[in-house]
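Colleague: Can you keep this structure in mind? I'll have questions shortly.
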Amino acid sequence: MSATILLTGGAGFIGSHTYVALVNAGYDVVIVDNFSNSDLCVPDQLELITGCPVTAYRADVSDAAAMDRIFATHDFDAVIHFAAKKSVPQSLARPQNFFDSNTTALLTLMRVMERHAVDAIVYSSSATVYGKPEALPIPEHAPLSYTNPYGLSKLIGEQFLNQKARGKPGWAVGILRYFNPAGAHPSGLIGEGPLSDGGNLMPLVAKVAMRQLPCIDIYGHDYGTPDGTGIRDYIHVCDLAEGHVLSLGRLLQRRRSHTVNLGKGQGYSVLDVIKTYEAISGQRIPYRLRPRRAGDVAASFADPSLAEGVLGFRAQRDLAEMCRSSWAWEMERHQGQKRICAVPFKAPAHRSEVQIDQMPLALRTQQIWQVPWHKKSAQGAL
Ligand code: NAD
Ligand code: WQD
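Each step along the sequence shown adds one to the number in the numbering used here, with nothing skipped, and position 86 is 185.
What follows is the structure in structure tokens.
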């Protein structure tokens, strides 16, 4: 019998790609998402990609009663916890919200797991836990710190889980520190969501290529890097998804906790990203040279060797593939939006927990581009 895995935040950018990778690897997967930063059509898209029915619940991870019901319905072997807020600018503006959704929700999830005897978890961490790195490439044993409330919330999450694994033999924890996820599924059916703007480079470059923004601001052109712009370790989201399958396998088969970087170990500059996107999309991408952005570092890239040694993980896809798939996603999304927007739909906004796979496929698809009702009810009922 195959293992059953809960993906919190499974309708989001990284969660949805990981869903596909897990189904391809033979796992049964259940999604819980409050759709605060993802579209309700994502389960439909996942159904199209995998050819299998999707089980997805609309619920908030911090709603212990809803989570208890979901855990009582399915016999989970492990959890992959993606659900979190991720926008650094928003975390600086409203830190309390970040501790509610990233920290309190994780505690709730850990308690629910304990009540239902689920003791394996993969946690979405981030290179942000290295703060301002002292040396490059960054190994996992580099000093940890934070430069904003989002970073602090990720660091606290790691510490909670490490303490749990130490104090409770049997608990197995996989902490994955992502560098800069980019790109989309090659089908163009899933990608980075449109609802909140975290200020990340590639989605903004895509918007300029789509003529939704007039130009991209390059923050800093006087760094000590070859072209003067900032360097980051962009990693294709499909590579990242495969890293989760490997991490989960290690937890389930060997009960071995681990903390690893997921990056390519290779840096690309802001200008590399812009030029590559221009070449792939065939669109001109105008830019303005601006002062450095507060809190940015000149360069950040991973030492990926521990992930290779421990998990056998190696990111394969290059920057051109990240830009190509991102562009395919933008084009598909734009065309899909125009196609679906014609159909009116009134949704049951009073419900806080909806098992999405009980709705007919066509109806589910219609909900999305019509009225963003999930945004409205997310503020109320959840
Ligand atoms: P995302 O916003 O696309 O996905 C997160 C999903 O979680 C969304 O679908 C959102 O609706 C859902 N969600 C948020 N709070 C929830 C809650 N309380 N209950 C239920 N669902 C909730 O983000 P992503 O880029 O896929 O990031 C996934 C994880 O990876 C996050 O934990 C993030 O901190 C981490 N991470 C992301 C990046 C990045 O650059 N994208 C880098 C490092 C780490
Ligand atoms: C990349 C490069 C910018 C936007 C952030 C979070 C981090 C993690 C990943 C979640 C930098 C430059 C950007 C723009 C630009 N997220 N840039 N113009 O800052 O490495 O990391 O996302 O865990 O926590 O801090 O990524 O995509 O914002 O920036 O010139 O409009 O692009 O200065 O050099 P970053 P980013």
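Think of the CB as a built atom: it goes at the ideal place given N, C-alpha and C, for glycine as much as any other residue. Computed from a predicted structure; not experimentally measured.
Select from 165, 161 and 169 the residue whose C-alpha is nearest the C-alpha of residue 207.
Modeller: Out of 165, 161 and 169, 161 has the C-alpha closest to the C-alpha of residue 207.
Colleague: Helix or strand or just coil, what does DSSP make of residue 280?
Modeller: Residue state, collapsed to three classes: strand.
Colleague: Among 315, 169 and 198, which residue has its Cα nearest to the Cα of residue 298?
Modeller: Nearest option by C-alpha distance: 315.
Colleague: Specify whether the region 266-285 and the region 198-207 touch according to this definition: at least 3 beta carbon pairs, one from each stretch, less than 8 Å apart.
Modeller: The region 266-285, when compared against the region 198-207, does not touch it at the 8 Å Cβ threshold.
Colleague: Apart from the five residues on each side of it in sequence, which residues of its chain come closer than 7 Å, Cβ to Cβ, to residue 395?
Modeller: Closer than 7 Å at the Cβ level, and outside the excluded window around residue 395, lie 318, 319 and 329.
Colleague: For residue 344, which residues from the same chain have a beta carbon less than 7 Å from its beta carbon, with the 5 sequence-adjacent residues on both sides left out?
Modeller: So the qualifying residues of the chain are 120, 121 and 124.
Colleague: Helix, strand or coil, according to DSSP, for residue 112 in the structure here?
Modeller: In the structure shown, residue 112 sits in a helix (DSSP, three-state: H, G or I).
Colleague: Report the start-end ranges of each beta strand (DSSP E) in the region 143-211 that is 3 residues or longer and not cut off at the edges.
Modeller: Runs found: 154-157 and 177-180.
Colleague: Using DSSP bridges, identify the partner residues of residue 132.
Modeller: DSSP lists 157 as partners of residue 132.
Colleague: For the beta strand (DSSP E) containing residue 221, name the first residue and the last one.
Modeller: That run of the beta strand (DSSP E) goes 219-225.
Colleague: Quick check: does the Cβ of residue 484 come within less than 7 Å of any heavy atom belonging to ligand 1?
Modeller: One cannot answer for residue 484 here, as it falls past the ends of the chain, which runs 100 to 481.
Colleague: Is residue 60 near ligand 1 - that is, is its Cβ less than 7 Å away from at least one heavy atom of it?
Modeller: Look at the range of the chain in this structure, 100 to 481, and you will see that residue 60 is not part of it.
Colleague: Count the other CB atoms, across all protein chains shown, that sit within 10 Å of the CB of residue 227; report buried if there are 16 or more and exposed otherwise.
Modeller: By the neighbour-count rule (16 or more Cβ atoms within 10 Å), residue 227 is buried.
Colleague: Which class does residue 261 belong to by DSSP, given the choice of helix, strand or coil?
Modeller: Correct three-state label for residue 261: helix.
Colleague: So, for residue 104: in the same chain, excluding its five sequence neighbours on each side, which residues have a beta-carbon less than 8 Å away from its beta-carbon?
Modeller: These residues qualify, in order along the chain: 121, 126, 127, 128, 129, 175, 176, 177, 178, 179 and 347.
Colleague: Decide if the region 106-120 is in contact with the region 138-156; the criterion is three or more beta carbon pairs, one per stretch, under 8 Å apart.
Modeller: Output reads yes: the region 138-156 touches the region 106-120.
Colleague: I think residue 488 touches residue 418, with their Cβ atoms under 8 Å apart; what is that distance to the nearest whole Å?
Modeller: Because the chain in this structure spans residues 100 to 481, residue 488 falls outside the shown range and cannot be described.
Colleague: Do you know offhand how far residue 433's Cα is from residue 248's?
Modeller: Roughly 33 Å separates the two Cα atoms.
Colleague: On a CA-only basis, which of 173, 278 and 225 is nearest residue 101? Give me that one, please.
Modeller: It is 173.
Colleague: When the Cα of residue 386 is compared with those of 379, 140 and 310, which residue comes out closest?
Modeller: Minimum Cα distance to residue 386 is reached at 310.
Colleague: Tell me the rounded alpha-carbon separation between residue 355 and residue 271.
Modeller: If you take the alpha carbons of residue 355 and residue 271, they lie about 6 Å apart.
Colleague: To the nearest angstrom, report how far apart residue 221 and residue 241 are at their CA atoms.
Modeller: Their backbone Cα atoms lie some 21 Å apart in a straight line.
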